[in-house]
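In mature numbering (1 follows the signal peptide of the UniProt record, and there is no 0), the protein residues as written are -22 to -1, 1 to 408. Using N, Cα and C, we set each Cβ at its ideal position, and we do this for glycine too.
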Amino acid sequence: MLYLYKNTRLLTSILLTASILACDRIGQEVSPGDEPNTGVEFYTMPTQQVAIDLKSYVDLTSATTFKISKAPQQGEASFSKEGVLIYTPNVDFVDGSDQFLISSDKAGAPVRPFTINVTTDTSRIPCYAGTIADVVRTAANTAVTIEVLKNDRFCTATVNTSSLGVLRAPKNGTVAIEGDKVVYKPNENFNGYDDFFYKITVTLKDGQVRTLLAPVKVVVGDPFKDCQLKLNDDQISFRQRLLSDSLIMFPLLNDQLCKASRQVPLTITQKPANGTAYLLTPTRWSEFGQLIVYKPNPGYNGDDELTYQRCENGECLQAVVRIKVKSADPNCKLTAVNDERTISLSRPALDVKRGVVLLSVLLNDRICAGIKDVRINNNPGSVKLDVLRDGSILYTLDQNPKPGETKFSYEVTDVLNNKSSAEVKVVIKE
C-alpha cells in the first residue's frame, strides 16, 4: 500500500508536491549538521528488510555479544550469520514506526532503542536516513547494473565509494562491484525474486566512520508463473499533522495481483466507524489502481478499520485496512526547526522554473499534535509569501530574480495551543 501524508485539497497538487520534494526537497538541504543515522532511526519500504551493523556505533565497537531486550511489535528482529541485525517488517505493516531494544555485554553500554520507519512516500524520508532499499527488474538471463547509491541520503557525510561491497550474496545469481554500481546477473533460466545486501562506509562530520547497509530486491523474468491472486490486510499508524489532513492509500500496492489488472474498480464493503472513507481514481499514478481517502472524525484517537473488495469475473476478494489514529505524544515538545534552501538560476528545479520556491517547512519540524495554524511572523524583506493549506510556504520570486539571500520566519501553532517559530533562509545562486 502506498501512503501519502498530504492535505487533500487537490490530488494533482499533492502528487506534484510529492514529485518536487523527491527531487529537490528542502528536507535534504535544511540542516548542514545532519548526518546519516547518527541516532538509531532507519527508513525502509513495505516488506523490505533493514540491516544494521551494530559495531558501527562508537559505544558498541568492543562488544562481543548482543541481545534483543525488547522485541518489535510490527516485525521481526534477528541476528544473521554475517553478524548484523536484520529487521523484517510484517506483510501487513505498510506505514508507521516500530521499535525494539538492543543490549550488549560491554560494561556501561546503554540499552539502545532502534526505531524503524516504514513508508513509500519518499518526501517523508529525511536526508540523514542513510542507505535506502532498492527494487529493480530484469529479464531472465539478463544482467542489470544497479545504481544502489542513487536513492541513498547522506546529508553532509563523506561517502567512501571505494568501500562499496556486498554483505550478503544473492541465492539465485551473482553480483560484481563496478565503481559505485553493482552488476547483478541471474542464474540461467531463473524466474522469480532474488535479493542481496550491500554495504558502504561513510565518515560523519565528527570524524566517526560508520558502515551502512541496505537490501536490494531483484525481480527476474516472470515471477508470476504459479501465482495466485491474494489481497493482503494493511496496518497503518496515522497522526494528523494538520487538522485538514487525510490519509491517502493505494490499497492494491502490497496485494498479490500477479498479472491481473489494477484498474478493476474497488468497493468499500465496510465503512470505518470513526471516520469517513471514499474511493478515488487518480489522473496520475493510475497504474497503482484506485485510492482510498480516509479522514478520522474530529478529535478521534484510537483504532479504526475498513474493508475493501475487488471483484473480477464473478470472483471477489476482500482485505481489511486497520488504522491506528495516534494522539499527541505527551513527552513530545512542538519544535520548529530552521530551514535553508539553495536554488540555482542557471539550473532551476521544477518549481523555480515556474517562478516560485516551494518550502515544505513542516517536514523537519517536530510535530506532536495536529497543527491548526502556520503563519509568517517576520518578513523583513517584504517578499511575497503564501502559506498553503498543507502548511508549506510558497515564495514567489521577482520577475527577474538576482543572486542573493532572503530570510523570514514562521510560527506554527498546534491544537493544544503550543507555539514555536523558526527561520527560513533562501539562497539564490547563478
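Quick check on residue i: does DSSP put it in helix, strand or coil?
i, result
"Arg332", "coil"
"residue 413", "There is simply no residue 413 to check, as the chain begins at -22 and stops at 408 in what is shown."
"Tyr106", "helix"
"Phe266", "helix"
"Leu244", "strand"
"Pro229", "helix"
"Ser222", "coil"
"Thr22", "strand"
"Leu38", "helix"
"Ser398", "strand"
"Val315", "coil"
"Val339", "helix"
"Leu295", "strand"
"Lys304", "coil"
"Lys183", "coil"
Are the beta-carbon atoms belonging to residue i and residue j less than 8 Å from one another?
i, j, result
"Arg131", "Tyr106", "yes"
"Phe168", "Ala118", "yes"
"Gln52", "Pro67", "yes"
"Leu190", "Thr109", "yes"
"Lys45", "Ser81", "yes"
"Asp317", "Lys302", "no"
"Thr374", "Lys362", "yes"
"Ile103", "Val62", "no"
Between residue i and residue j, what straight-line distance do the alpha-carbon atoms span, to the nearest angstrom?
i, j, result
"Pro14", "Lys48", "Confidence at Pro14 is low in this model, with a pLDDT of 41, below 50, so the placement of that residue is unreliable and no value is reported for it."
"Glu19", "Ile94", "6 Å"
"Pro274", "Ser224", "8 Å"
"Val187", "Thr320", "28 Å"
"Val404", "Gly382", "8 Å"
"Gly17", "Glu290", "Bear in mind that a pLDDT of 46 at Gly17, under 50, signals an unreliable position, so the model cannot answer this."
"Tyr286", "Gln248", "7 Å"
"Phe57", "Leu32", "10 Å"
"Ile226", "Leu269", "7 Å"
"Gly185", "Leu323", "34 Å"
"Pro243", "Arg288", "7 Å"
"Asp343", "Ser370", "12 Å"
"Pro229", "Asp392", "30 Å"
"Cys346", "Asp99", "20 Å"
"Ser398", "Val390", "6 Å"
"Phe92", "Asp83", "17 Å"
"Val330", "Asn378", "12 Å"
"Glu60", "Arg146", "8 Å"
Which residues bound the beta strand (DSSP E) around residue i?
i, result
"Asp76", "71 to 82"
"Gly86", "No beta strand (DSSP E) contains Gly86, which DSSP labels as neither H nor E."
"Gln213", "212 to 216"
"Ala154", "151 to 156"
"Lys45", "44 to 48"
"Leu190", "187 to 198"
"Lys59", "Here Lys59 belongs to no beta strand (DSSP E), and DSSP marks it neither H nor E."
"Lys159", "159 to 164"
Could you tell me which of the options sits nearest to residue i, measuring between CA atoms?
i, options, result
"Asp207", "Leu221, Pro229, Gln234, Gln77", "The amino acid occupying residue 207 in the given sequence is Leu; Asp does not appear at that position. Residue Gln234 is the option with its Cα nearest to Leu207."
"Gly157", "Thr136, Gly348, Gly143", "Gly143"
"Thr22", "Asp212, Glu293, Asp73, Leu63", "Asp73"
"Asp112", "Asp70, Thr25, Ala55", "Thr25"
"Phe71", "Leu258, Asp212, Lys183", "Asp212"
"Thr39", "Ala55, Ala87, Val28", "Ala87"
"Arg217", "Pro276, Ala238, Asn165", "Pro276"
"Thr97", "Val28, Ala55, Ser34, Thr134", "Val28"
Is residue i near the ligand ATP, going by C-beta to nearest heavy atom under 7 Å?
i, result
"Phe78", "What this structure holds is no ligand at all, so the ligand ATP is not there to describe."
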